[in-house]
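Novice: Dropping the structure in here first, questions after.
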Ligand code: FES
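Residue numbers (full-length UniProt numbering): 1 to 104.
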C-alpha cells in the first residue's frame with residue numbers, strides 16, 4: 001500500500017474540516033428547534049399575546065417632533081425612551097429611534 005504524501009494529507013485534512021463544518025452548520029439549521037427561533041425574537045415585552053403589533057399615530061398628534069422606538073426595548077413603546085442606548089452598550093448594536101419632525 002502506498003503512503004500518502006504530505007500534500008495529500010493536507011488536502012484530505014482540509015476536506016475533512018470543511019465537511020465537518022458544513023455538517024455542523026447544516027445540522028444546526030435543519031434541526032433547529034422552536035427554542036432557537038424564540039431567541040430570534042426582537043419583541044420580548046410588548047403585547048406578546050397579539051399576532052402582530054400595529055401602532056397608528058396621527059401626525060397632528062405628535063406635536064413638533066416625536067421619537068419612535070425601533071429597538072423594541074422602550075418601556076413607553078412605540079415612543080422611544082432612550083433604552084436603545086443601554087441595548088447598544090450591552091450588545092454593540094447601533095439601533096436608534098425614528099424621529100418624525102412635523103414641519104407644518
Ligand atoms: S428606546 Fe428603542 S429606539 Fe429608543
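By construction, the Cβ of each residue, glycine as well, lies at the ideal position given by its N, Cα and C atoms.
Can you check whether the C-beta of residue 97 is within less than 8 Å of a C-beta belonging to chain C?
Specialist: The structure shown contains no chain C; it is built from a single protein chain.
Novice: Inspect the beta-carbon positions of residue 70 and residue 95 and report whether they are closer than 8 Å.
Specialist: A contact, by the Cβ cut-off of 8 Å.
Novice: Quickly, what does DSSP pair residue 67 with across the bridge? List them, please.
Specialist: Per DSSP, 99.
Novice: Going by the C-beta, is residue 40 closer than 7 Å to any heavy atom of the ligand PLP?
Specialist: Of the ligands one can find in the structure shown, namely the ligand FES, none is the ligand PLP.
Novice: Is any non-hydrogen atom of the ligand FES found closer than 7 Å to the C-beta of residue 49, if you look at the structure I gave you?
Specialist: No.
Novice: Taking residue 76 as part of the alpha helix (DSSP H), name the residues at either end of that continuous run.
Specialist: Where residue 76 is concerned, there is no enclosing alpha helix (DSSP H), given that its DSSP letter is neither H nor E.
Novice: Comparing alpha-carbon positions, which option in 104, 88, 60, 55 lies nearest residue 78?
Specialist: Of 104, 88, 60, 55, the residue nearest in Cα terms is 55.
Novice: Can you tell me whether residue 84 is buried or exposed? The criterion is at least 16 other CB atoms within 10 Å of its CB, across all chains shown.
Specialist: Answer is buried; the Cβ neighbour count reaches 16.
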